[in-house]
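Heads up: the sequence shown begins at 3 in this note's numbering, then just goes up one per residue. One structure is given below, encoded as structure tokens.
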Amino acid sequence: MKGKLESLVDKNNLPAHIVIIMDGNGRWAKKKNLGRISGHREGMKSVRAVVKGAKELGVRHITLYAFSAQNWKRPKVEVDALMELLKHYLVNESDKLIENGISLNAIGRLWELPKNVYEVLTETIDRTKSCNELTLTLALSYGGREEIIDGIKEIISKGNIAPEDINQHNFSQFLYTNDLPEPDLLIRTSGEMRLSNFMLWQLAYTEIYVTKTLWPNFRKQHLIKAILNYQKRERRFGLTGEQVKKRDVI
Ligand code: IPE
Ligand code: IPE
Ligand code: MG
């Protein structure tokens, strides 16, 4: 049954692509006098709930920032635990993803992942590739600056495009996100007001929603609140409010 909050969501104005900086696992654990890894484990419950919730709401694309290029510098025990949790998620969730019509995708310097994680990741991507209701993209070993640099290398070495012909459209085809729509809504949990090297190119006109809720406490209701907030905004893309209203009428 649909909750009261969910019934307020305008299905004709859903963000097509929601991206989330899942932050606050460590602080959640600290508050409870637990180790950081317990926070990451608890955060996996939020991942399941939010992916399921997004699917039920009719969102078509969701991208989760799960591990940044900079997160490799964390203590080895934490990095190892995060990689184990990721592997477990992929192994355990694979069937459920297929049942729910969810295709898995990943962006980032995936070749830097441990071999066993990389293998289950590509296997799950392959197993779910014909699912077409929701695309779940995991950003892993991901950095926005790294992505732009990798894109520049690709366009120079394989692009076959004269420098004067490079434009935003053809350059964006060389980013990891080439087959994804631009993000409409960015959610960051735990109250931090920064991008932390996430989707620097893609977020140009994305609506930003920051909540104090720590990631392990984030559930479908919080996602709905973020979407309701998004639906109250006027996206102007550099135009005047009047121009936007006229375009709406046309
Ligand atoms: C987000 O939670 C998870 C990852 C970055 C992998 P954090 O681990 O950053 O939690 P805080 O920010 O220390 O609370
Ligand atoms: C961003 O969170 C990375 C992920 C959520 C995976 P961080 O916790 O690493 O970001 P900073 O260090 O607070 O900027
Ligand atoms: Mg953090």
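In this text, a Cβ means the ideal position worked out from N, Cα and C, and glycines have one as well.
Taking the C-alpha atoms as reference points, what is the distance between residue i and residue j?
| i | j | result |
| --- | --- | --- |
| T215 | N162 | 46 Å |
| T137 | A56 | 10 Å |
| L66 | H19 | 11 Å |
| A1 | A164 | Residue coverage of the chain in this structure runs from 3 to 252, which leaves residue 1 outside it and unanswerable. |
| I157 | G110 | 17 Å |
| R249 | P17 | 19 Å |
| N169 | Q175 | 10 Å |
| Y144 | L182 | 16 Å |
| W217 | S192 | 7 Å |
| D82 | L177 | 28 Å |
| T126 | A108 | 10 Å |
| V246 | N15 | 15 Å |
| K13 | W113 | 38 Å |
| A51 | D167 | 44 Å |
| K34 | D97 | 33 Å |
| V119 | S105 | 18 Å |
| L241 | H63 | 26 Å |
If I measure Cβ to Cβ from residue i and keep anything under 6 Å in the same chain, skipping five residues before and after, which residues do I get?
| i | result |
| --- | --- |
| E209 | L187, Y232, R235 |
| S40 | A31 |
| V53 | L138 |
How far does the beta strand (DSSP E) with residue i in it reach, from first residue to last?
| i | result |
| --- | --- |
| L138 | 136–144 |
Could you work out which residue in the options is closest to residue i when comparing CA atoms only?
| i | options | result |
| --- | --- | --- |
| E8 | R221, G146, N102 | R221 |
| A141 | Y207, T130, L88 | L88 |
| T179 | I168, M195, R196, Q204 | Q204 |
| L10 | G37, L59, V81, R43 | L59 |
| V61 | K155, H171, F200, E135 | E135 |
| I150 | R129, A108, N199, K6 | N199 |
| L197 | R147, L225, V79, G243 | R147 |
| G103 | C133, R129, S159, Y120 | C133 |
| M46 | L106, E244, F69, Y91 | Y91 |
Suppose the cutoff is 8 Å on Cβ atoms and the five residues either side in sequence are ignored; what does the same chain contact list for residue i look like?
| i | result |
| --- | --- |
| Y207 | E184, R237, F239 |
| E44 | N27, W30, A31, P218 |
| V79 | I39 |
| Q223 | G5, L7 |
| L115 | M85, L123, L142, S143 |
| G37 | A31 |
| I100 | R129, T130, C133 |
| W74 | V81, E114, S143 |
Over the uninterrupted alpha helix (DSSP H) stretch that includes residue i, give me the two end residues.
| i | result |
| --- | --- |
| Y120 | 117–129 |
| D181 | From DSSP, D181 is part of no alpha helix (DSSP H); its letter is neither H nor E. |
| L225 | 222–233 |
| V61 | Run containing V61: none; DSSP gives neither H nor E here. |
| M85 | 78–101 |
| N172 | 170–174 |
| E8 | 6–9 |
Looking only at its own chain, which residues have a Cβ that is under 7 Å from the Cβ of residue i, when we skip the five neighbours before and after it?
| i | result |
| --- | --- |
| R190 | I23, D25, V212 |
| M201 | V21, G146, P185 |
| F173 | G153, I157 |
| K42 | Here residue 42 turns out to be His, not Lys, going by the sequence shown. Excluding sequence neighbours, H42 sits near N27, A83, L84, L87. |
Report the partner residues of residue i according to the DSSP bridge assignment.
| i | result |
| --- | --- |
| I109 | A141 |
| E209 | L187 |
| I23 | Y67, R190 |
| I158 | Answer is none; I158 lacks a bridge partner. |
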